[in-house]
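Worksheet: one structure, shown below.
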Amino acid sequence: MSITAGSDSILVMYKKNHLSDTRQLAIQGKDIPDDEITLRQNENMVLEITDEDVDNNHDENLIKVVNYIVRKKEFVGSHEELSSLLSLALTGKQLQVLLAKNEDLLKTTFISYEKRPRTNKARMICLRYHGNEEI
Numbered sequence: 000m001s002i003t004a005g006s007d008s009i010l011v012m013y014k015k016n017h018l019s020d021t022r023q024l025a026i027q028g029k030d031i032p033d034d035e036i037t038l039r040q041n042e043n044m045v046l047e048i049t050d051e052d053v054d055n056n057h058d059e060n061l062i063k064v065v066n067y068i069v070r071k072k073e074f075v076g077s078h079e080e081l082s083s084l085l086s087l088a089l090t091g092k093q094l095q096v097l098l099a100k101n102e103d104l105l106k107t108t109f110i111s112y113e114k115r116p117r118t119n120k121a122r123m124i125c126l127r128y129h130g131n132e133e134i
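Take the sequence shown: its letter number 15 is residue 14 in numbering that gives the first Met the number 0, and every next letter is one higher.
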């Protein structure tokens, strides 16, 4: 039996979902079984071990929009164009309602949602990511 050294193991912390307050801690090592621990950030910004796997209480269409904006940093166009680009099962109006309803959630993920003046075709929007986290 040997003692596990630092170079014999790896710990990786990641988010499965950008909107989630949970993180996954993946553990792999030479003499230890592979494991994954779920951590949740509390109100004091401290990560605590939780039994819950992942919180799936966010609309999957909203998750797709947030992940896209974080990856691309900015989108300027109409709700309909964004819905089509991401292959969402929503019309432009439905996406507009979803984004308006979750504007506070967008702010917590460092995404600004700007509604621009209506043109002859559609109302233009600008979604911009102001954070420095990558996906």
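Built from N, CA and C at the ideal position, the CB exists for glycine as well. Keep in mind it's a predicted model, so treat the numbers as computed, not measured.
So what does residue i bridge to, in DSSP terms?
i    : result
K114 : I124
Y67  : Its beta-bridge partners do not exist; DSSP assigns none.
T21  : R39
Check each candidate in the options and name the one with the smallest Cα separation from residue i.
i    : options                : result
Q27  : T37, L10 and L126      : L10
L84  : L24, K63 and L98       : K63
I91  : A121, M44, D7 and T49  : The residue you asked about is not Ile; residue 91 is Gly in the sequence shown. It is A121.
Q93  : M12, H78, R127 and E35 : H78
D7   : T21, S19, R22 and P32  : P32
N43  : K29, D20, L105 and L24 : D20
T108 : E80, K100 and V69      : V69
T37  : D30, Y112, H57 and K15 : K15
L61  : E80, K100 and K29      : K100
R22  : D30, D34, Q40 and K29  : Q40
Using the beta-carbon count (16 or more within 10 Å), is residue i buried or exposed?
i    : result
H17  : buried
S82  : buried
Y13  : exposed
N131 : exposed
I48  : exposed
Just confirm the distance between the C-beta atoms of residue i and residue j, as a whole number of angstroms; I'd bet it's less than 8 Å.
i    : j    : result
M123 : V65  : Not confirmed; about 19 Å, so no contact.
E73  : L126 : 7 Å
L89  : L98  : Going by Cβ atoms, the distance from L89 to L98 rounds to 10 Å, so no, they are not a contact pair.
Three-state secondary structure (DSSP) at residue i?
i    : result
I62  : helix
G91  : helix
D33  : coil
T108 : coil
S77  : strand
S8   : strand
L97  : helix
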